[in-house]
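Each residue of the sequence shown is one higher than the one before, counting from 723 in this note's numbering.
For reference, the structure discussed in these notes is given below.
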Amino acid sequence: MNNLSSLKELAANDSRTSQALENCEELIYDMENSFDKMGDYDLSKIGEYIDELNIWLSGATTFEESCLDEFENITNSKVGEKMKIILQVVLLVK
Numbered sequence: 723m724n725n726l727s728s729l730k731e732l733a734a735n736d737s738r739t740s741q742a743l744e745n746c747e748e749l750i751y752d753m754e755n756s757f758d759k760m761g762d763y764d765l766s767k768i769g770e771y772i773d774e775l776n777i778w779l780s781g782a783t784t785f786e787e788s789c790l791d792e793f794e795n796i797t798n799s800k801v802g803e804k805m806k807i808i809l810q811v812v813l814l815v816k
């Protein structure tokens, strides 16, 4: 979340950008909790919870789109571009 802190500094003078960052931060936190839950599954029994996995994958896509939508029509496009990179890293790492 250090990257988010540096983005907050860039967005300090723009309330819309600050709000978008706050919303994305909440979405990232929720997504990290979902990733942690997925780690508890026994992969040898994947057939038993394939529906949950499909829902989770759909949620991951929706999460990314929702976060990036927050940055549409915001004057500080640099923050939006950096958030896109952060999201790509978060989704790859997890």
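Note that beta-carbon positions come from the ideal geometry of N, C-alpha and C, so glycine has one too.
Identify every run of the alpha helix (DSSP H) within the segment 726-776, keeping only runs that are complete inside it and at least 4 residues long; order them along the chain. 737-760
Counted within 10 angstroms of its Cβ, other Cβ atoms place Val812 as buried (16 or more) or exposed: buried
Taking 8 Å as the cut-off, does the segment 729-742 touch the segment 766-781 (at least 3 CB pairs, one atom from each stretch)? no
For Glu787 and Asn745, believed in contact at Cβ under 8 Å, the rounded distance: With 8 Å as the limit, Asn745 and Glu787 do not qualify as a contact, their Cβ atoms being about 13 Å apart.
Please report the straight-line C-alpha distance between Asp752 and Gln810, rounded to a whole angstrom. 16 Å
Please confirm whether Leu729 and Met805 have their CB atoms less than 8 Å apart. yes
How would you call Ile768, buried or exposed, if buried means at least 16 neighbouring beta carbons within 10 angstroms? exposed
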